[in-house]
Every structure is written in C-alpha cells, then in structure tokens.
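Peer 1: Shown below is the structure under consideration.
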Amino acid sequence: MANWLRISSRTVANHIKKRMNKEFMGGAVHVNQSSGLWWGLNRGGPVSDRNRRHMDPLAWNRATLLCVQRFKTTLAEKQHDSFLSSDSDDDNQSVDFPGGKVSYTSEMSFISESSQTRVPCYRVLEDDGDLISDCDFQQVSKEDAVKMYSNMVTLQIMDNIFYEAQRQGRISFYLTSAGEEAISIASAAALSEQDIILPQYREPGVLLWRGFTLQEFADQCFGNKADYGKGRQMPIHYGSKKHNFFTISSPIATQLPQAAGIAYSLKMDNKKACVVSYIGDGGTSEGDFHAGLNFAAVMEAPVIFFCRNNGWAISTNVSEQFRSDGIVVKGRAYGIRSIRVDGNDALAVYSAVSAAREMAINEQRPILIEALTYRVGHHSTSDDSTKYRQLDEIVYWKKARNPVNRFRNWVQNIGWWSEQQEAQLRNSVRKQLLEAIQVAEKTEKPPLSELFTDVYDHPPSNLEEQEKHLRETVTRHPKDYPSDISV
Ligand SMILES: Cc1ncc(C[n+]2csc(CCOP(=O)(O)OP(=O)(O)O)c2C)c(N)n1
Ligand SMILES: [Mg+2]
C-alpha cells in the first residue's frame, strides 16, 4: 500500500490488470475468476463446466448437497447400544459426544489459526471493465444494467450535493457511499422487492433501486414534516415501509439478530423471500454480529448477511479490528455457507447475491457474503480521514479501483451506454436534486408535539415535563430555533 499514486490511474489500472493478487486493506487476496464460491471449494472440486456463462444456482445447490450436513446430537441410549455392539473399524476410529460423532487421533495437534492461503475473491470484471474470460456470472438484462449504472451515478451526485449542503450548514450531518456504490446497487438489483432489508447506514443505494425518490431522501435529511421519521432522527437514517427497508438505527449490528428473527418469521409463513442484512467490517466486532449469525444458522433462517469490508471502521483499520482472514472465514465457524466477492465489481456482487438468494430461499439457510472494498470518503461529515490514512491511498482507490467507472466501461463497451446518455443523466439528476433540496428546505418542520409521540400510549409525567420545558425554552429563545417550528 505504499507508492499509491505516483503514476497515473490508467497506468495503475493496467498494472493491476496483469496481477492476479489484488491489494485490499488487510493484505493481498487471490482473485478467483471462475465460480470463486467459498462453498464451491468445500464440495471437493471446481465447477465442472468452466465455460458456463450463466449461473444455475439450483444446479450448484445439487452439487453441494454432500457438504450440507448438520451434526446431530447423539441420544444417550444409542450411544450405549453402539458401545455394546460396536466392533467395526469405523467405530474404532470415532467416538460419540453430544453433538455427534467425531474421529479421534492419538496425535496431539492444534488447529492452525489461519490457513496458508487466503480465501479467494470472486470477480467477473477486470479493473478496467473488461469481462474476464471463462467466468461464471449471472447475466444481467440491458434494462437492469442501465438502471444499475444510472443509480450509481445518481448516488454519486446525491452524495456530492448533500455533502456540500452539510458543509454549508443546511443539514446537520451526512455520510457518503463513495467507493461502495456497486455494493448497495448491484445487491439490490439481484433481490426481489419482497426481500426485507435491514441496513447498517451506508446502503442508500438499495432504497434508490427500489424507487425511494430524491425528494424522499431530501425530506429525511432536512427533517421536515414529510420525513417518515417526523424529523426525530439524524440525517441519513432513512426507512421505508413501502420498500421493505427497515429504518436505519445508529447502534451498530443491532440489525443482525433482528434479521435472523425476521427471516425465521418468513420461514414460518412459507414465504418465498429472504432477509438481507448489511454490516460493516467494524460492526463484526459487536456481540450482535455473532448472536445474529449463530441464531440464523441454528434456526436455518433464510437471511443473507452482507458484510461490506471497506478497510476502515472510522479510524480503525481492519488490521486492528480482527486477526482472521477477514469476515468470510467466520461463516464456517457458525455453519454458514460463505463467499468473498470483489465489492467494486458490480457484476460479481450481482451474481453472488443472485446465487445467495436462491440458496437462502430454496434451502432455507443463511448465507454470508464478504465484499472487499474501500471507503473512499470520510466516515461521515464528523470525520477527517486524512488524519489517519494517506491521501494517495484514497486517490488510488478513487481513480484506479473506482466501481462506477469500472461498470460504466462494461456497459459502454457492450453498447448499452453512450457519452450522450451520460451527459443527459448527470444534468438531469443534478437538476432534480437541487430542486428536491429547495423543496425540502422550504417545507415546514414537524410540530414540536411530534417529538413526544409514537412511543408511549400515555406519556409518563417526566416526558410531559420535558415537553413543557422545551416549549418554554423555544418561546424564550426564538432565535436559537427554526422559525417554522409550531410550538
Ligand atoms: C454499538 C455501537 N458502537 C459504536 C458506535 C460508533 N460507531 C459509529 S460508526 C462506527 C464504525 C463502523 O465501521 P464499519 O462497521 O466498518 O462501517 P463503515 O462506516 O466502514 O461503513 C462506530 C464505531 C455505534 N454507532 N454503535
Ligand atoms: Mg468499515
């Protein structure tokens, strides 16, 4: 990660193209150009039809049946019977414990803390957008590919404009998806609207894909009376019942055990849908990450845990966050099928999520996806990331490994996108956003009374006291509060 940008981004991209080992935060990872599925490795061999262009998740599932095992608790009486009757060689090699039979060994050997090679990273597109030959991927329709790319550009412009609005003091806070646009949008594209989303906070792209309007984003960020949260949450805490998108909650990882529970309810109702819960690399250090994965595995709940490993948890680098080979290896510890994917490759993310969704629903099981990527922006508007990381590192990811440029090259190379469309899209989105911001800014704030509703049926006396106190304060210091708040 040293000499980041002494050479031009194009040179860097070409240089990288020639290398099989890609740099991600936390070390180099071998890039797997075929199926690359971690669970694929478990079943004892590569995909037989290497030229297969269109993935057939069901066929893959059939191929994995051998490794789908659940260790059964041994009944005491069975243990006793087998102890009395057993004389086969096989039985001499293994021994029963609660949880099932295990083989034994007289050799004292500890399991190594890591394997010799890192789990490979599945990718479909080269850094310059060229399709890797002979790779397995889920074909995307022209309509969806154009929508994916248009949404990525929209997200970029939305981030720039809202970020500037925060710098101008018009909104109190903002957080961008820069560098991670492919993750939220390509994963959303691979899902059905019925799938339930439990986000962390860097996934507005999922909402964009599902049709949340720029006005709805602006209303939430400005906390006006059109905001579904009634102005009670910080900006970027979006939520939409209509789009099956749970409202973002600031405490990290709380969404994971909730996701396991919601997925279990889908299972009980025999729904053909799954839950998708996003989490950052930092979030995996929370107890809720482990509780969520364990619950989902034991209950065989149809949930995709999608970890965006972007190298940083605010100022904490992944090397200080965990000692393991990232997140993907943690799946196996919980009995969860897992894959590592290049999060800056929209086609790889789309393909992996499509396959994961099929498996989660058809086999009723959780799946873990670790997407390797990089947070190009500051953590939020409350952060200055140049205080703890090199500027040339940021520039390298922004230019040489940019997921939006990479996908654009692909759609443009196959003739689905043009320079003219690009210019039109950028102009139109920018105009729509500026209008949305103006409308949101002018829209009244929710009445003060709304601050105290929707939690208690009958508000307790201390809350009533606080409400009275707040009204008095606003009346006494009108200059310190927005003039359009009705007291
Ligand atoms: C339970 C909890 N602990 C700490 C925080 C403060 N906090 C907010 S974001 C963050 C870092 C999260 O990093 P990561 O999960 O990698 O997500 P990223 O910001 O990189 O997308 C922390 C520690 C919090 N919100 N909740
Ligand atoms: Mg992170």
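All residue numbers for the sequence shown refer to full-length UniProt numbering, where the first residue is 1 and numbers rise by one.
C-beta: ideal position from N, C-alpha, C; glycine also.
No experiment lies behind these values; they were computed from the predicted model shown.
1. Cβ-heavy atom distance between ASP288 and ligand 2 below 6 Å?
2. With SER338 as the anchor, note down where its alpha helix (DSSP H) starts and where it stops.
3. Mapping DSSP to helix, strand and coil, what is VAL328?
4. Considering only DSSP beta bridges, list what residue 505 is partnered with.
5. Beta-carbon separation of VAL487 and LEU463 under 7 Å?
6. May I ask you to verify whether the segment 185 to 193 touches the segment 342 to 353, counting CB pairs closer than 8 Å and requiring at least 3?
7. DSSP on ASP96, reduced to helix/strand/coil?
8. For ligand 1, I want to know if ARG375 counts as a neighbour, meaning its beta carbon is within less than 6 Å of at least one of the ligand's heavy atoms.
9. Fully enclosed by the segment 170 to 242, which alpha helix (DSSP H) runs are 4 residues long or longer?
10. Three or more C-beta pairs under 8 Å: does that hold for the segment 239 to 251 against the segment 467 to 480?
11. Does DSSP classify GLY280 as helix, strand or coil?
12. DSSP three-state label for GLU370, please.
13. For ligand 2, which residues have a Cβ under 7 Å from at least one heavy atom, in chain order?
14. Cα-Cα, which of VAL206, ARG389, VAL102, GLY335 is closest to SER240?
15. Can you find the residues in the same chain that come closer than 8 Å, C-beta to C-beta, to ASN427, ignoring five residues on each side of it along the sequence?
16. Exposed or buried, PRO482, counting other C-beta atoms within 10 Å across all chains shown (16 or more means buried)?
17. For VAL102, is the classification buried or exposed, using 16 other Cβ atoms within 10 angstroms of its Cβ as the cut-off for buried?
18. Which value, in whole angstroms, describes the spacing of the CA atoms of ALA226 and GLU164?
19. Under a three-way DSSP split, which group does ALA28 fall into?
20. Pick out whichever of LEU451, GLY335, ASP384 has its Cα sitting closest to the Cα of ARG70.
21. Answer yes or no: do ALA356 and ILE304 have a C-beta to C-beta separation smaller than 7 Å?
22. Give me the Cα-Cα distance between ILE185 and TYR104, rounded to the nearest whole angstrom.
23. Answer yes or no: the CB of ARG123 versus the heavy atoms of ligand 1, is any distance below 6 Å?
24. Does TRP397 come out as helix, strand or coil in the three-state DSSP assignment?
25. Could you spell out where the beta strand (DSSP E) holding PHE305 opens and where it closes?
26. Does the distance from the C-beta atom of ASP159 to that of ALA182 stay below 7 Å?
27. Between the Cα of LEU434 and the Cα atoms of GLY261, ILE157, SER150, which residue gives the shortest distance?
28. At a cut-off of 6 Å, is PRO251 close to ligand 1 when judged by its beta-carbon and the heavy atoms of the ligand?
29. On the premise that PHE289 lies in contact with LEU256, defined as a C-beta separation below 8 Å, what is that separation, rounded to the nearest angstrom?
30. Check whether the Cβ atoms of ASP325 and VAL140 sit closer than 7 Å, and answer yes or no.
31. Identify whether THR473 lies in helix, strand or coil by the three-state DSSP scheme.
32. Give me the residue from PHE452, TYR456, HIS458 with the minimum Cα distance to ARG471.
33. Is PRO137 helix, strand or coil when you go by DSSP?
34. Going straight from the alpha carbon of GLU180 to that of ALA263, what length do you get?
35. Within the same chain, show all residues whose beta-carbon is closer than 6 Å to that of ASN362, passing over the 5 residues directly before and after it, in chain order.
36. Taking C-alpha atoms, which residue in ASP383, ASP195, ASP269, GLU419 lies nearest to LYS242?
Peer 2: So, from the data block:
1. To locate residue 288, count along the sequence shown from 1; it is residue 288. Result no, Cβ not under 6 Å from ligand 2.
2. In the sequence shown, residue 338 corresponds to position 338, counting from 1. Counting along the chain, SER338 falls outside any alpha helix (DSSP H), though it belongs to the beta strand (DSSP E) covering 337 to 342.
3. Residue mapping note: residue 328 aligns to position 328 of the sequence shown, counting from 1. If DSSP states are grouped into helix, strand and coil, VAL328 belongs with the helices.
4. With the chain covering 1 to 487 only, the question about residue 505 has no answer from this structure.
5. Here residue 487 refers to the residue found at position 487 when the sequence shown is read from its first residue. Here residue 463 refers to the residue found at position 463 when the sequence shown is read from its first residue. No. Outside cutoff.
6. yes
7. Along the sequence shown, read from residue 1 onward, the residue named residue 96 stands at position 96. Of the three classes helix, strand and coil, the one that applies to ASP96 here is strand, per DSSP.
8. Counted from its first residue, the sequence shown places residue 375 at position 375. Within the cutoff, so yes.
9. 181 to 189, 204 to 210, 214 to 222
10. no
11. Sequence index remark: in the sequence shown, residue 280 carries index 280 (1-based). Three-state DSSP puts GLY280 in a strand.
12. Reading the sequence shown from its first residue, position 370 is the one you call residue 370. In the structure shown, GLU370 sits in a strand (DSSP, three-state: E or B).
13. GLY280, ASP281, GLY282, ARG308, ASN309, ASN310, GLY311, TRP312, ALA313, ARG375
14. The residue you call residue 240 lines up with position 240 of the sequence shown. Nearest of VAL206, ARG389, VAL102, GLY335 to SER240, Cα basis: VAL206.
15. Mapped onto the sequence shown, residue 427 falls at position 427. Hits under 8 Å: none found.
16. To locate residue 482, count along the sequence shown from 1; it is residue 482. By the neighbour-count rule (16 or more Cβ atoms within 10 Å), PRO482 is not buried but exposed.
17. The residue labelled residue 102 in the question sits at position 102 within the sequence shown. It is exposed - the Cβ of VAL102 has fewer than 16 other Cβ atoms within 10 Å.
18. One-based indexing of the sequence shown puts residue 226 at position 226. One-based indexing of the sequence shown puts residue 164 at position 164. Near 22 Å, if we compare the C-alpha coordinates of GLU164 and ALA226.
19. As a working mapping, residue 28 is identified with position 28 in the sequence shown. ALA28: strand per DSSP, three-state reduction.
20. Reading the sequence shown from its first residue, position 70 is the one you call residue 70. Considering only alpha carbons, the answer is GLY335.
21. By 1-based counting over the sequence shown, the position of residue 356 is 356. By 1-based counting over the sequence shown, the position of residue 304 is 304. Their beta carbons are under 7 Å apart, which means ALA356 touches ILE304 by this criterion.
22. Taking the first residue of the sequence shown as position 1, residue 185 is located at position 185. Taking the first residue of the sequence shown as position 1, residue 104 is located at position 104. Approximately 48 Å, taken between the alpha carbons.
23. Here residue 123 corresponds to residue number 123 of the sequence shown, with the count starting at 1. No; taking the cut-off as 6 Å, the Cβ of ARG123 has no heavy atom of ligand 1 nearer than that.
24. By 1-based counting over the sequence shown, the position of residue 397 is 397. TRP397: helix per DSSP, three-state reduction.
25. Here residue 305 refers to the residue found at position 305 of the sequence shown. First-last of the beta strand (DSSP E) with PHE305: 303 to 309.
26. As a position in the sequence shown, residue 159 is number 159, starting the count at 1. As a position in the sequence shown, residue 182 is number 182, starting the count at 1. Against a cut-off of 7 Å, the Cβ pair of ALA182 and ASP159 comes out as no contact.
27. Working through the sequence shown from its first residue, we reach residue 434 at position 434. Cα-wise, what sits closest to LEU434 is ILE157.
28. Taking the first residue of the sequence shown as 1, we reach residue 251 at position 251. True, at least one ligand heavy atom lies under 6 Å from that Cβ.
29. Residue 256 sits at position 256 when you count from the first residue of the sequence shown. Residue 289 sits at position 289 when you count from the first residue of the sequence shown. That belief holds up - the Cβ atoms of LEU256 and PHE289 are roughly 6 Å apart, short of 8 Å.
30. Looking up residue 325 in the sequence shown gives position 325. Looking up residue 140 in the sequence shown gives position 140. Not a contact, by the Cβ cut-off of 7 Å.
31. For this step, residue 473 is matched to residue 473 along the sequence shown. Helix.
32. Sequence index remark: in the sequence shown, residue 471 carries index 471 (1-based). Among PHE452, TYR456, HIS458, the Cα nearest to that of ARG471 is on PHE452.
33. Taking the sequence shown and counting its residues from 1, the one referred to as residue 137 is at position 137. In the sequence on display, residue 137 carries Phe and not Pro. Looking at PHE137 - three-state DSSP - the assignment turns out to be strand.
34. Numbered from 1 along the sequence shown, position 180 holds the residue referred to as residue 180. Numbered from 1 along the sequence shown, position 263 holds the residue referred to as residue 263. Approximately 26 Å between the Cα atoms of the pair.
35. Taking the first residue of the sequence shown as position 1, residue 362 is located at position 362. So no residue of the chain qualifies.
36. Against the sequence shown, residue 242 aligns to sequence position 242. LYS242 has its Cα closest to that of ASP195, out of ASP383, ASP195, ASP269, GLU419.
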